[in-house]
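What follows is a short report on a single structure.
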Amino acid sequence: MPELVPTDAQDAELIQHIFFGKLDNLPNLTSKIVRIFTSSTFTDTSMERNSLMQHTYPKLKEFCREKHGLEFQVVDMRWGVRDEATDDHKTTELCMQEIDNCQRVSVGPNFVVFLGQKYGYRPLPTKIEGAEFALILSVSNPVDARLLKQWYKLDSNNIPNLYCLQPVSSIFTNFTNKAHPRLMEEDQSQWWETMGKLNRAVRSAAFELLKKGDFSAQDNHRYNWSVTEQEVVRGILNAKDTVDHTLAFFRHIENINVALLRHSMKFIDIASKQIDEEAQTMLSDLRDVRVPATLPASSIIRYTVQWSDEDGLNKNVHADYLQDFIDTFYRRIVELIDRGVGQQKSLASNRVYTEILQQLHVVNNFSQDFQGRSDILERVRHYVQGSSKQPVVLWGEGGCGKSSMLAKIASESTSWFLSKTCTPVRLVRFLGTTPDSSSIGPLLRSVCQQLSYVYQVPDNTIPVELSQLTNHFKRLLEKATVDKPLCIFFDSLDQLSSADGAHSMSWLPPTLPNHVKLIVSTLPGIFNILNTLRNLIDSRENFVQIKPLGEELGKTVLKAWLARQHRTITDVQWYSISITNFLRILFSKCPLGR
1 MPELVPTDAQ DAELIQHIFF GKLDNLPNLT SKIVRIFTSS TFTDTSMERN SLMQHTYPKL
61 KEFCREKHGL EFQVVDMRWG VRDEATDDHK TTELCMQEID NCQRVSVGPN FVVFLGQKYG
121 YRPLPTKIEG AEFALILSVS NPVDARLLKQ WYKLDSNNIP NLYCLQPVSS IFTNFTNKAH
181 PRLMEEDQSQ WWETMGKLNR AVRSAAFELL KKGDFSAQDN HRYNWSVTEQ EVVRGILNAK
241 DTVDHTLAFF RHIENINVAL LRHSMKFIDI ASKQIDEEAQ TMLSDLRDVR VPATLPASSI
301 IRYTVQWSDE DGLNKNVHAD YLQDFIDTFY RRIVELIDRG VGQQKSLASN RVYTEILQQL
361 HVVNNFSQDF QGRSDILERV RHYVQGSSKQ PVVLWGEGGC GKSSMLAKIA SESTSWFLSK
421 TCTPVRLVRF LGTTPDSSSI GPLLRSVCQQ LSYVYQVPDN TIPVELSQLT NHFKRLLEKA
481 TVDKPLCIFF DSLDQLSSAD GAHSMSWLPP TLPNHVKLIV STLPGIFNIL NTLRNLIDSR
541 ENFVQIKPLG EELGKTVLKA WLARQHRTIT DVQWYSISIT NFLRILFSKC PLGR
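Here the sequence shown is numbered in full-length UniProt numbering, starting from 1 and rising by one per residue.
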């Protein structure tokens, strides 16, 4: 294993955080992907985006593959959005999901914005809270109110209740009917006209509510902002560590000839054949105030170019600018990738660090779905706080929730120690989920490495031979103290390979040192592990059966799943639930935003 040497104080703090088994603020798992979301308006940046696609992205793909063994991906939502996304108004939501995904998986850069002099498309709000919708109707004229009620329908499955914009094809049935192009064109034309009326209706109502004091300026802004601004808010203004992950390219075209509407409307917001001053004000606030207040000047690249009456911007007339742009884009992205890989490698190359981090993520993932079973939680809490010196065994049939139960116990365990000055150590392994948790030798070696770090024992003393390794593991348990008590969790002993006599459980100490608690789980009957443990552990009360979910607890779990998505189920829908096995299917099918 590479020596775990922190490169700075931040690394040192993170290493301790992970090795002590803390579950908050976990870094992402090591990624093999560079995934960048590019944000821009459509018509004014097509020359730059086409050049990047033709010349720069292939070079970056090769660079990532050859130098770092990474996959390079770009998300440009201005190309190829499916018709269905337009029909059900999911385009903006898809953009937000993609930004989140890029932030989650990308090594280094994850968001780049191109801003010029066009604020861009301002979509209808797709969801309006019930109380807010009532306010909007209260200040709307009868024609607007009737139109809004036609297109926005109540979603009583949401918490709080929402009024959701209906799919275009629910009213204009040929909106995506490619089999009949003429009918499709007619319905699309009708929709664009209707959308304009809806936009005017909600914006005028929002402004009226602002004047009355029922809306804040921020409330009003939500009915007016562009998709691009929403992307920038998500990708830069509300993001973490932007200097390592984001870039902004600002381009100013001098002397735009607004009179040449065919060209100028591609590069600046036009309304009634004049510059849309409202849109320009919102763009200026975003581009000139809020982004520079968030990003350092070094992360913002600025260009000034001259207008061409030929077609505004032209790859021949503006060849020098275009070449500098794509060269700078390549260089700056490479810098962020190299920096991101360097930050990742310093810790990710350490096998035990990666192992612990992955196991802690499993705890968080499993425990978030946990509901009920407070009696078992209370029973294990008494064990952790009590004097028992033997392990606790959770057992039950497959699918009864043992892993979620153990994860929940693990997540709660450090709060159960009576001394508020101690620093509990949480050591967790979900067996069979990684190479180092699937067979007894690598498992014990990984556990010993974690314990050696926590209790400051040189890890070069860890033996290779299994019997010596087992004894060393048991000796390390004796290092636990009142100041650093230890809780160990081994989930699914039955998932451990039978090689090297692992299922004999001889490696598991039946009697524990002071300040150590050990909790394991297993299936009954499989490899006779449960009976073996019963022969090793005298205390019958240390065996805790996990029974299958009953129908009422199943409903509680479903409620929790839904609540996490701000969803609920009506009384009529509850009446239809009778079989626990269908709960997860019901959750997946419960309509989202319709």
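Ideal Cβ placement from N, Cα and C applies to all residues, glycine included.
These numbers come from a predicted model, not from an experiment.
Check	Outcome
Hey, would you say I236 sits closer than 8 Å to V291, going by beta carbons?	yes
State buried or exposed for R82, treating a residue as buried only when at least 16 other CB atoms are found within 10 Å of its CB.	With a pLDDT of 48 at R82, under the threshold of 50, the modelled position of that residue is not reliable, and the figure given next carries that caveat. Exposed, because fewer than 16 other Cβ atoms sit within 10 Å of the Cβ of R82.
With DSSP as the reference, label Q274 as helix, strand or coil.	strand
Mind the definition here: the segment 409 to 418 touches the segment 493 to 513 only if three or more C-beta pairs lie below 8 Å; say whether that holds.	no
When you compare the CB positions of S492 and L431, do they come within less than 8 Å of one another, or not?	yes
Using C-beta distances below 7 Å, list every residue in its chain close to Q188, excluding the 5 sequence neighbours before and after it, in chain order.	F175
For K118, collect the residues of the same chain with a Cβ closer than 7 Å to its Cβ; drop the 5 residues on either side in sequence, then sort them by chain order.	T41, D44, F267, I268, D269
Taking only the alpha-carbon atoms, compute the straight-line gap between G525 and L496 and give it to the nearest angstrom.	15 Å
For the alpha helix (DSSP H) that E397 lies in, which residues bound it at each end?	Unbroken run through E397: none, as it is neither H nor E.
Hey, out of D241, F133, V516, whose CA is closest to residue 597's CA?	In the structure displayed, the chain extends from 1 to 594; residue 597 sits before or after that span and is not available.
Between the C-alpha atoms of V206 and M184, what's the straight-line distance to the nearest angstrom?	Just to set this straight, residue 206 is Ala in the shown sequence, not Val. When rounded, the distance between both Cα atoms is 32 Å.
Among V112, T91, G340, which residue has its Cα nearest to the Cα of P123?	T91
Take every Cβ of the segment 102 to 110, pair it with every Cβ of the segment 339 to 347, and state whether three or more of those distances are shorter than 8 Å.	yes
What residues are listed by DSSP as bridge partners for Q545?	W395
Would you report the Cα separation of N364 and D100, rounded to the nearest angstrom?	19 Å
Which of helix, strand or coil does DSSP assign to G80?	With a pLDDT of only 49 at G80, under 50, the local geometry of the prediction cannot be trusted, and the value read off the model is given with reservation. Note: G80 maps to coil in three-state DSSP.
Helix, strand or coil, according to DSSP, for E254 in the structure here?	strand
Relative to the C-alpha of residue 605, which residue among L523, G120, M96 is closest?	Not covered by the structure: residue 605. The range shown for the chain is 1 to 594.
Could you work out which residue in A410, Y353, L347, V362 is closest to residue 596 when comparing CA atoms only?	Residue 596 lies beyond the range of the chain shown here (1 to 594); nothing can be said about it.
Please give the ranges of any beta strand (DSSP E) in the segment 421 to 485, keeping only runs that are unbroken, at least 3 residues long and fully inside the region.	425 to 430
Closest to T38 by C-alpha separation, out of K211, S419, E98, D285, would be which residue?	E98
Relative to the C-alpha of I569, which residue among A131, P160, Q10 is closest?	P160
Taking the alpha-carbon of H263 as reference, which of G312, V305, E229, V233 has the nearest alpha-carbon?	G312
Assign N365 to one of three DSSP states: helix, strand, or coil.	helix
Can you check DSSP and say which residues form a bridge with Y383?	Y383 pairs with nothing; no bridge assigned.
Would the segment 49 to 66 count as touching the segment 134 to 148 if we require 3 or more Cβ pairs under 8 Å?	no
State the start and end residues of the unbroken beta strand (DSSP E) segment that holds Q73.	71 to 75
Throw me the rounded Cβ distance for the S446 and V352 pair, which I believe falls under 8 Å.	5 Å
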